[in-house]
Amino acid sequence: MLKEQVEQKKKLISTMRNKPWRMVKKLSVLREAQDFVEKFEGALGKGKGKKLYAYKMMMAKKWVKFKRDFENFKTQCIPWEMKIKEVESHFGSSVASYFIFLRWMYGVNLVLFGLIFGLVIIPEVLMGMPYGSMPRKTVPRAEQATAMDFSVLWDFEGYIKYSALFYGYYNNQRTIGWLKYRLPMAYFMVGISVFGYSLMVVIRSMARNANESTADGDDDNFIFSWKMFTSWDYLIGNPETADNKFASITTSFKESIVDEQESNKDENIHLRRFLRVLANVLIICCLCGSGYLIYFVVKRSQTFSKMQNAGWYERNELAEEDVVKNITHWTLLGHHNSSAGNDSTVTPPPLDPADVPRGPCWETTVGIEFVRLTVSDILVTYITILVGDFIRACFVRFVNYCWCWDLEAGFPSYAEFDISGNVLGLVFNQGMIWMGSFYAPGLVGINVLRLLTSMYFQCWAVMSSNVPHERVFKASKSNNFYMGLLLLILFLSLLPVAYTIMSLPPSFDCGPFSGKKRMYDVIQETIELDFPVFVAKIFSYVANPGLIIPAILLMVLAIYYLNAVSEAYQRANAELKKKMQMQREEEKNKRNNKASTNPMLQDLEDLLTPSTKTESPPKQAEDKKIESLNGTSPVRKPGRGEVLDGSPMAGGRGAAFTPPSQVFVTQPRTLGVRAPYPGQPRPWGYPLGPVPGRGRGQPCYPRAAR
50 MLKEQVEQKK KLISTMRNKP WRMVKKLSVL REAQDFVEKF EGALGKGKGK
100 KLYAYKMMMA KKWVKFKRDF ENFKTQCIPW EMKIKEVESH FGSSVASYFI
150 FLRWMYGVNL VLFGLIFGLV IIPEVLMGMP YGSMPRKTVP RAEQATAMDF
200 SVLWDFEGYI KYSALFYGYY NNQRTIGWLK YRLPMAYFMV GISVFGYSLM
250 VVIRSMARNA NESTADGDDD NFIFSWKMFT SWDYLIGNPE TADNKFASIT
300 TSFKESIVDE QESNKDENIH LRRFLRVLAN VLIICCLCGS GYLIYFVVKR
350 SQTFSKMQNA GWYERNELAE EDVVKNITHW TLLGHHNSSA GNDSTVTPPP
400 LDPADVPRGP CWETTVGIEF VRLTVSDILV TYITILVGDF IRACFVRFVN
450 YCWCWDLEAG FPSYAEFDIS GNVLGLVFNQ GMIWMGSFYA PGLVGINVLR
500 LLTSMYFQCW AVMSSNVPHE RVFKASKSNN FYMGLLLLIL FLSLLPVAYT
550 IMSLPPSFDC GPFSGKKRMY DVIQETIELD FPVFVAKIFS YVANPGLIIP
600 AILLMVLAIY YLNAVSEAYQ RANAELKKKM QMQREEEKNK RNNKASTNPM
650 LQDLEDLLTP STKTESPPKQ AEDKKIESLN GTSPVRKPGR GEVLDGSPMA
700 GGRGAAFTPP SQVFVTQPRT LGVRAPYPGQ PRPWGYPLGP VPGRGRGQPC
750 YPRAAR
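Going by the numbering used here, the first residue of the sequence shown is number 50, and it counts up by one from there.
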């Protein structure tokens, strides 16, 4: 029994917060329960058992405390969690969702940088040929004079162009170092893994957000009551944290009020649909125009390539590679012939790699353009924040006292945090990283530094220079809008890279795929040289279009089926929610009706409770009549230890609260009613007394209701 009481007290302590009691009662009951547990928890055993039980209880408490501290430690280990909470408390969940998305992007890029840096850059730097040992790793002789100038380096030329940051630095040897590391194969697989990992992470995040939004259930009931009575955290002991919590609760109330107003607002649905259709038509026209311009430029370049009298600008194409390849071949051959002469046994002196003619490495050129775009985007973003937010805020704050009008309320006022612009900029930047990482492996590292500095810089800017939006709106719980944009950009970024790998020939003298017709030939080469023959046959069968097309169709059908099943489950879930809501409303109405009619029903039950006794037989009626004539009561006085059958005490101590099974009703005198014949029962409602129609009117027992 003591153990059960201790367990009950523990359960009471754990559920004390959910009790609908006053705070004074909660505190008193909590202290009483805690004292009881501390007093009797270790006294449930005898001898060694007592010590063992006390030790178990102590270890259980220590374990609970350790788990709580570990959860707090994990929360503290989340990067920038307190900064984001501070921003959310002052600017709402919509602004905080951008910083959460920025933190998620930083984590994804950190994983991508680990893949590229660990599997591509480090092996080439440690096991590959050093700088200056080959033409692709050496600055040409004509560029060495200005290779270290700031203007050249700022344009990502000079020594930066021939560094491990770009595609052209990596060697095309099949294996390098004492580990026989297959660098071309690793470069190809890492480039594909970047898109595969990103696609998996984005889809997984969208699925998790959808599950969380579905698992929350129908939480649209009693929103303001929940926020009013359950928002505050009574464990807060820091004044700054309390201020942030107060601001967060205030902002959440504003968001809920705006949502409630928007849900009750009657809008013109036809106008909204017309505007959406118009916007989509304009976007489609812009896309079609862009596609036509691309087609026109490509067709014009093909026309110029067929012209015989075209100028230098019109002949600017990849045909230059063939010329340079021939020049390089004849240069090396001439150097060999002039050095050796007619004696073929003499080894010619080595030719300086800086003097070897080299062709245009178009992969490195593309990578340089992506790096320039990324760096310029970083500079434009930071300068915009400094000029458009910080300097503007300083001007408004310090010049407002001596200006003609109120600068804070009118023009220029403080800037609001542009959520849509920042999100689109972040998504656009990530698309450039995905496309450019195949041509510039170091681009992901630049983006990691950009995201790291953006978190601190933008958090500082939003807290010091921006004001909350006038129209407060709540962010989506699932954040799938951001993920949908990111998935679209990922798909668009994959198309040009896939076209490059499958269709365009690589440069002949730079990069890990030089000397091959297509970049994907490295897979076939690895299978033929490093795997058994039957593996090559299996891959050839798998790559057969007759097998790939049915597999794709099967995948499409499976996706369609799963989508249909998911929609059916969603509809069933919605119907179930409606039924549960209706059942809850019916129960609520029943409780309200019962509460309103309960006093009246109780009075009626007290007056109209049926008797469990039947009518008295004739002999008993005569005895009662004789006793009444003698002046005695028909009800016998109970003796010692006896109770009346209809007495409330007949059922024991607890029966005192139940209504009596019989109710005594005093009947009024009824005139004109004759007494029954001897041996007949008295009619219903006939008064008891010595003379019919007279007497004191003794109580009678009513008949049992049928």
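Built from N, CA and C at the ideal position, the CB exists for glycine as well.
Kindly indicate which three-state DSSP category Glu56 falls into: helix, strand or coil? The residue given as residue 56 occupies position 7 in the sequence shown. Three-state DSSP puts Glu56 in a helix.
Terminal residues of the continuous alpha helix (DSSP H) containing Pro554? The sequence position of residue 554 within the sequence shown is 505, counting from 1. That residue, Pro554, is in no alpha helix (DSSP H); it is neither H nor E in DSSP.
Compute the distance between the beta-carbons of Pro402 and Pro172, then report whether it is under 7 Å. What you label residue 402 is simply residue 353 of the sequence shown in a count that begins at 1. What you label residue 172 is simply residue 123 of the sequence shown in a count that begins at 1. Taking 7 Å as the Cβ cut-off, Pro402 and Pro172 do not qualify as a contacting pair.
Assuming Phe215 contacts Ile417 (C-beta within less than 8 Å), just tell me the rounded distance between them. Locating residue 215 in the sequence shown gives position 166, where the first residue counts as 1. Locating residue 417 in the sequence shown gives position 368, where the first residue counts as 1. Rounded, the Cβ-Cβ distance is 7 Å, consistent with contact.
From Gly167, Asn622 and Arg152, residue whose alpha carbon lies closest to that of Leu498: The residue labelled residue 498 in the question sits at position 449 within the sequence shown. When only C-alpha atoms are compared, the closest one is Arg152.
From this set, Cys443, Tyr147 and Asn121, which residue's C-alpha is nearest Ile133's C-alpha? Translated into positions along the sequence shown, residue 133 becomes position 84. Ranking the options by Cα distance to Ile133, first place goes to Tyr147.
Checking the sheet assignment: what are the DSSP bridge partners for Tyr230? Within the sequence shown, numbered from 1, the residue matching residue 230 stands at position 181. Looking at the DSSP assignment, Tyr230 forms a beta bridge with Ile225.
Grouping DSSP H, G and I as helix and E and B as strand, with all else coil, what is Asn529? Working through the sequence shown from its first residue, we reach residue 529 at position 480. Residue state, collapsed to three classes: helix.
Could you check where the alpha helix (DSSP H) with Trp509 kicks off and where it finishes? Against the sequence shown, residue 509 aligns to sequence position 460. It spans Leu492 to Ser514 - the alpha helix (DSSP H) in which Trp509 sits, taken as one unbroken run.
Can you give the Cα-Cα distance for Lys639 and Leu248, rounded to whole angstroms? Taking the first residue of the sequence shown as 1, we reach residue 639 at position 590. Taking the first residue of the sequence shown as 1, we reach residue 248 at position 199. Between Lys639 and Leu248, the C-alpha separation is close to 52 Å.
Would you tell me roughly how many angstroms separate the C-alpha atoms of Trp227 and Val424, rounded to the nearest one? In the sequence shown, counting from the first residue as 1, residue 227 sits at position 178. In the sequence shown, counting from the first residue as 1, residue 424 sits at position 375. Spanning the two alpha carbons is a distance of roughly 37 Å.
Coarse secondary structure for Glu457, derived from DSSP in three states: Within the sequence shown, numbered from 1, the residue matching residue 457 stands at position 408. The answer is coil: DSSP assigns Glu457 none of H, G, I, E or B.
Am I right that Ala489 and Val436 are in contact with their C-beta atoms under 8 Å? What's the rounded C-beta distance? Your numbering for residue 489 matches position 440 in the sequence shown. Your numbering for residue 436 matches position 387 in the sequence shown. Incorrect: roughly 29 Å between the Cβ atoms, too far for contact.
Endpoints, the alpha helix (DSSP H) within which Lys314 is located: Along the sequence shown, one-based indexing puts residue 314 at 265. That residue, Lys314, is in no alpha helix (DSSP H); it is neither H nor E in DSSP.
Would you call the region 437 to 453 and the region 585 to 596 touching, i.e. three or more CB-CB distances under 8 Å? no
Run the CB neighbour count on Thr433, radius 10 Å, all protein chains shown included, and call it buried at 16 or more, exposed below. The sequence position of residue 433 within the sequence shown is 384, counting from 1. Exposed: under 16 other Cβ atoms inside 10 Å.
Inter-residue Cα distance where the pair is Ile576 and Leu161: As a working note, residue 576 is residue 527 in the sequence shown. As a working note, residue 161 is residue 112 in the sequence shown. Rounded to the nearest angstrom, the two C-alpha atoms are 26 Å apart.
Cutting at 6 Å between CB atoms, please list the residues of its own chain near Phe244, excluding the five before and the five after it. Taking the first residue of the sequence shown as 1, we reach residue 244 at position 195. Cβ neighbours of Phe244 beyond the five flanking positions: Leu543.
Residues bridged to Ala464 by DSSP? Against the sequence shown, residue 464 aligns to sequence position 415. Asn515.
Here's a check: name, in chain order, each residue in its chain whose Cβ is nearer than 6 Å to the Cβ of Gly177, leaving out the five neighbours to either side. As a first step, residue 177 must be located in the sequence shown, where it is residue number 128. Excluding positions up to five away in sequence, the list reads Asn220 and Ile225.
For Gly240, does the count of other Cβ atoms within 10 angstroms reach 16, so buried, or fall short, so exposed? Here residue 240 refers to the residue found at position 191 of the sequence shown. Label assigned to Gly240: buried.
Tell me the rounded alpha-carbon separation between Ile165 and Leu342. Numbered from its first residue, the sequence shown carries residue 165 at position 116. Numbered from its first residue, the sequence shown carries residue 342 at position 293. Distance between the alpha carbons of Ile165 and Leu342: 35 Å.
Is there a Cβ from chain B that is less than 7 Å from the Cβ of Lys303? Included in the structure is just one protein chain, with no chain B present.
Assign Ile209 to one of three DSSP states: helix, strand, or coil. Stepping through the sequence shown from its first residue, residue 209 is reached at position 160. Note: Ile209 maps to coil in three-state DSSP.
Asn534 and Val493 closer than 7 Å at C-beta: Against the sequence shown, residue 534 aligns to sequence position 485. Against the sequence shown, residue 493 aligns to sequence position 444. Asn is not the amino acid found at residue 534; the sequence shown has Leu there. Not in contact: Leu534 and Val493 (Cβ atoms no closer than 7 Å).
Rounded separation between Phe295 and Lys114 - CA only: What you label residue 295 is simply residue 246 of the sequence shown in a count that begins at 1. What you label residue 114 is simply residue 65 of the sequence shown in a count that begins at 1. Between Phe295 and Lys114, the C-alpha separation is close to 28 Å.
Measure the C-alpha to C-alpha separation of Asn158 and Lys314 and round it to an integer number of angstroms. Within the sequence shown, the letter at position 109 stands for residue 158. Within the sequence shown, the letter at position 265 stands for residue 314. Near 42 Å, if we compare the C-alpha coordinates of Lys314 and Asn158.
Proximal residues to Phe85 (C-beta, below 8 Å), its chain only, five neighbours per side dropped: Start at 1 with the first residue of the sequence shown, and residue 85 comes out as number 36. Within the same chain, Phe85 has close Cβ partners Gln54, Val55 and Lys58.
To the nearest whole angstrom, what separates the beta carbons of Tyr230 and Lys186, a pair I think is in contact under 8 Å? Numbered from its first residue, the sequence shown carries residue 230 at position 181. Numbered from its first residue, the sequence shown carries residue 186 at position 137. So it is not a contact: roughly 17 Å between Cβ atoms.
Own chain residues within Cβ distance below 6 Å of Ser514, not counting five before or after: For this step, residue 514 is matched to residue 465 along the sequence shown. Result list for Ser514: Asp438, Phe439 and Ala442, in chain order.
Straight-line CA distance for Pro288 to Phe122? Position 239 of the sequence shown holds residue 288. Position 73 of the sequence shown holds residue 122. Going from the Cα of Pro288 to the Cα of Phe122 covers about 21 Å.
Please report the straight-line C-alpha distance between Trp203 and Tyr431, rounded to a whole angstrom. Within the sequence shown, numbered from 1, the residue matching residue 203 stands at position 154. Within the sequence shown, numbered from 1, the residue matching residue 431 stands at position 382. One C-alpha to the other measures close to 18 Å.
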